[in-house]
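With this note's numbering, you'll find the sequence shown wraps up at 763, consecutive numbering, no jumps. Structure first, commentary second.
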Amino acid sequence: MLRVRQIKIGEYGIAALVLIVLAVTLRLVLIELGWPQSNSDESIMGLMALHINNRGELPIFFYGQFYMGATEAYLAAGLFRLFGASVVTLRLAPLLLFALFLACMYLLTSLLYSKPLALVTLALLGLGSNIVLQTEIVAIGGYPEMLAFGAPGFLLAGWLALANDQFVAGRRRWRFSLGYALWGLVMGLGVWSDYIFVVFMLMSGLLLLVFCWRTLLSWRVLPFLLLGLAIGALPLIIYNTSHPVLNSWEILQKLRDNYTGTLLLPHRFNRFPLEGNIAGTLLVSLPSITGAPPLCYDSRLILYGVPSMTFFNCLNATYAAWQELLTLLWSLTLLMLWVVAVLQTLVGLNRLRRIAPRRTRPAEQSRDSIRYFVRLALLLSAAFFFIQYALSPVAAVFPTNARYLTGLLVSTPAVIAPLWSNWRESELPPIAAGNSLSTWVNTGQLRRILGRSILLLAGLVLLWGSISVFRDIPTVQASRQQENMLVRDLLRMHVTHLYTDYWICYRLVFYSNEAITCVVLNQSLYRYHDRYPAYDVPVQSDPRAVYVFLPGAAQIPAVERMAARTGKHFQKFALDGYIILQPVPTTMGARATVAVVSMREPARTPQRGGLLAFCAAINRRGSDAAILCRGSSHRLPAATHLQLGQPRGLVDQYRLRRDFQLCHDRPLSSQTPGRWV
């Protein structure tokens, strides 16, 4: 046993510390490698942190929403001051919350069950599938906080209930005052972070109300509890007092109506009510958040943060029978484990009641009873999370959004406890009369071997999911490099104001440290999903603001129709994998055309004068365009494409970069490589 002053760390404590360090290291390695690709939701959190530091803003909620708190933004603001603003630094905030979650889960499982089961719980929670790891790494708010505040909430409630007799005896009451204050603080912070956290608050609060109701009325406890709750929920209190109409209750009601109309669309799971909800939950959502391969997974969630399989397409797709069977078997096994755990807990409580008259240590019996009730509260909280999600339209319309079930992870030890068999020495069931010791031991050993084999199999599935994540890293890194190039090239072109879609907009703003700002447009070119309205005026007042979209975006033909309708002219070209539509002044763009010059034989790249002469010759032919020459640094290509929208005249600058050459009449600092449209 390792002793550090008064802190005693045994073998189990050292093993727990190693498991926590390994789990955090795995996620830190993924973060350093750029996985997963950051999206605009995460960039919003980064912008909030920047605004806290640079503008003195004090946001209450995630920009554009009124139900998810800004805890991660404030944590990231402090980290930005220490390490600078970046995606890596931003993700350290949820990583710290995850480490807190693991530490509390070890203590909670040790308190309710045993230290060996606590280590098994840490090992399982340290691994995870693609979706689980994304939920724990990406700084999109709400979900890491649910884990980081839910676990200590139950830990504090269980400890306060188990040690309540010490408070009654008058021993070290200051510890209880601090404990109740901390419980109130984490409950307030949790509800502010996400309203779904109310489940944890109700269940852990019910434990305190049942076992500590006299203590709660004490002047040594109640003021501290209320103070902690008020501090944690202060942002919510401020918001609701200043917005009595659009208050938290009204927002909750509106959230429940999301996607309701979509449920009326044709769907293969619509033979009876809630069939689509049940199918989405059991075949996609529950396996995803518990670490199993889901029935369907959309890789666009990694790259752009937006699913391509919406409106039932995920569930409407055709899958092999074995895929549906395996995912359904995983979910049904979890549900069966939950039922067994509840029954086992109720049986244990009944056994304690029956042997109470023969018990020589009533205090120990009382503590065992409290442990059973805390376990039951954990299981009931998991049921509430599951039911509220399964009844929501999201389960059928958007089942890949499994992060709403993140709260289930707090109940992990209670669900897997039946597979571990023995809990605490004082709770081992007595041998039934008439049964031999050898028979009971053999039966118990068989059950234990079977249960732990299932746990091992589940751990292998989670390990495979963690390893498979690394396959996505090259794709994600290539995408991030492309985005970085786009930011650099736009700034070289002195383009700082954009019109684009949501999943491009705020990423570019954060990556450029707000050197680029944007306005989000929908498919009809109307403002949409406007998270930060302060960007609107500078962008809309800039006549040179460009349109940036991915190839194939519906906004591109909409811009072209708008240009034809209004008489505006745009230079259209591809840049770093994106389509750029740059406005051209009417006086220059009236004769803009696209010209293609074919050259039968490759020729040596001319010197500066030769290339300028070539560009000038093309311009003299009447093409109002710049010349994009693709090839090596020594040869011109067989075809030279001229880009739309450049003014006519002698080109006096050009830039050589990699295998692209771009000639046009802007200063050298604004040159950038282009690509064919």
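Here a beta-carbon is modelled for each residue, glycine too, at the ideal position from N, C-alpha and C. This structure is a prediction, so every number in the text was calculated from the model and none was measured.
- It is roughly 14 Å from the alpha-carbon of leucine 421 to the alpha-carbon of isoleucine 375.
- A Cβ-Cβ distance of about 11 Å is found for the pair glycine 318 and phenylalanine 283, leaving them out of contact under the 8 Å criterion.
- Rounded to whole angstroms, the separation of the alpha carbons of leucine 205 and alanine 101 is 7 Å.
- The criterion of a C-beta distance shorter than 9 Å is satisfied by alanine 159 and isoleucine 138.
- In the DSSP annotation of this structure, phenylalanine 147 is not part of any beta strand (DSSP E), being labelled neither H nor E.
- Judged by beta-carbon spacing, glutamate 231 lies within the 9 Å limit of threonine 157, meaning their Cβ atoms are closer than that value.
- Our two residues, threonine 175 and glutamine 531, have alpha carbons roughly 48 Å apart in a direct line.
- Remark: three or more beta-carbon pairs, one from each stretch, lie closer than 8 Å, so the segment 302-317 and the segment 252-271 are flagged as touching.
- By DSSP's assignment, aspartate 280 forms a beta bridge with Met154.
- In the three-state DSSP reduction, cysteine 382 falls in the coil class, being neither helix nor strand.
- The DSSP-derived three-state label of valine 605 is strand.
- Taking the CA atoms as reference points, isoleucine 95 sits about 27 Å from leucine 505.
- Contact holds between the segment 129-138 and the segment 586-602, because three or more Cβ pairs, one in each stretch, are under 8 Å apart.
- Remark: fewer than three beta-carbon pairs, one from each stretch, lie closer than 8 Å, so the segment 446-459 and the segment 325-340 are not flagged as touching.
- Bounds of the alpha helix (DSSP H) holding threonine 561 are 559-578.
- With a cut-off of 8 Å on Cβ pairs, the segment 612-625 is in contact with the segment 577-586, counting three or more such pairs.
- Bounds of any beta strand (DSSP E) do not take in tyrosine 621, whose DSSP letter is neither H nor E.
- By the Cβ test, the segment 557-571 is not in contact with the segment 609-624, since fewer than three Cβ pairs between them sit closer than 8 Å.
- Distance from the CA of leucine 432 to the CA of glycine 274, rounded to the nearest whole angstrom, comes to 31 Å.
- By the C-beta density criterion, isoleucine 441 is exposed, having fewer than 16 other C-beta atoms within 10 angstroms.
- Judged by pairs of C-beta atoms under 8 Å, the segment 546-555 touches the segment 205-221, as three or more such pairs exist.
- Bridge partners of threonine 486 according to DSSP: none are assigned.
- Burial of alanine 135 is indicated by the presence of at least 16 other C-beta atoms within 10 angstroms of its C-beta.
- In this structure, leucine 369 lies near threonine 413, with their beta-carbon atoms less than 9 Å apart.
- In the structure shown, arginine 613 falls within a strand segment according to DSSP collapsed to helix, strand and coil.
- Shortest Cα-Cα distance from proline 485 to any of Val428, Cys382, Ala564, Gly120 involves Cys382.
- By alpha-carbon distance to leucine 661, the top candidate from Gly227, Leu312, Val632 is Val632.
- Around the CB of arginine 647, fewer than 16 other CB atoms lie within 10 Å, so the residue is classed as exposed.
- For serine 467, the closest of Gly493, Leu103, Gly663, Val296 by C-alpha to C-alpha distance is Gly493.
- For leucine 315, the enclosing alpha helix (DSSP H) starts and ends at 308-318.
- The distance from the Cβ of tyrosine 281 to that of arginine 489 is about 14 Å, inconsistent with a contact at the 8 Å cut-off.
- By DSSP's assignment, tyrosine 266 forms no beta bridge with any residue.
- Between the alpha carbons of isoleucine 323 and threonine 529 lies a distance of about 56 Å.
- For histidine 583, the beta-bridge partners assigned by DSSP are Thr603.
- Under the three-state reduction of DSSP output, leucine 667 falls in the strand class.
- Here the C-alpha atom of glycine 434 lies approximately 11 Å from the C-alpha atom of arginine 461.
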